[in-house]
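If you want our numbering, it's the 1-based position in the sequence shown plus 199.
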Amino acid sequence: MEAVVAVLRPRHESVILSKELLLTSYDILLVEMRVSTRDKSVQTVKQLPTTNISFENEPSDALSAFLYRFTGGDSGGITGN
């Protein structure tokens, strides 16, 4: 199964404590993909990251591991559930 992962990252720590939800207070993490166009040129587009998930393991564990690797792994990746 393919999963599309949407990650909202607060821009400031104070956003986490605030009860207001303002669009300008968050970043959406995107991945850059290179795609070919009809005229055979290559463009870079930003899109949500995707990953394949196996039903052999718990899907939430697989998504957490993917998110950790995608956001930097041992050098500051996002962890949690």
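All C-beta atoms in this analysis are idealised placements derived from N, C-alpha and C, irrespective of residue type, glycine included.
query: Roughly how many angstroms lie between the CA atoms of residue 307 and residue 201, to the nearest whole one?
result: A query on residue 307 cannot be resolved here, the shown segment of the chain reaching from 200 to 280 and no further.
query: Can we say the region 232-245 touches the region 208-216, given the rule of at least three CB pairs closer than 8 angstroms?
result: No: fewer than three Cβ pairs fall under 8 angstroms.
- prompt: Is the distance from the Cβ of residue 250 to the Cβ of residue 204 below 8 angstroms?
  reply: Start at 1 with the first residue of the sequence shown, and residue 250 comes out as number 51. Start at 1 with the first residue of the sequence shown, and residue 204 comes out as number 5. Yes, these two residues count as a Cβ contact at 8 angstroms.
- prompt: Just curious, the alpha helix (DSSP H) that residue 260 is in, first and last residue?
  reply: In the sequence shown, residue 260 corresponds to position 61, counting from 1. Boundaries of the alpha helix (DSSP H) around residue 260: 258-269.
query: Taking the alpha-carbon positions, what's the residue 261 to residue 273 distance?
result: What you label residue 261 is simply residue 62 of the sequence shown in a count that begins at 1. What you label residue 273 is simply residue 74 of the sequence shown in a count that begins at 1. Put simply, the backbone Cα of residue 261 is about 17 angstroms away from that of residue 273.
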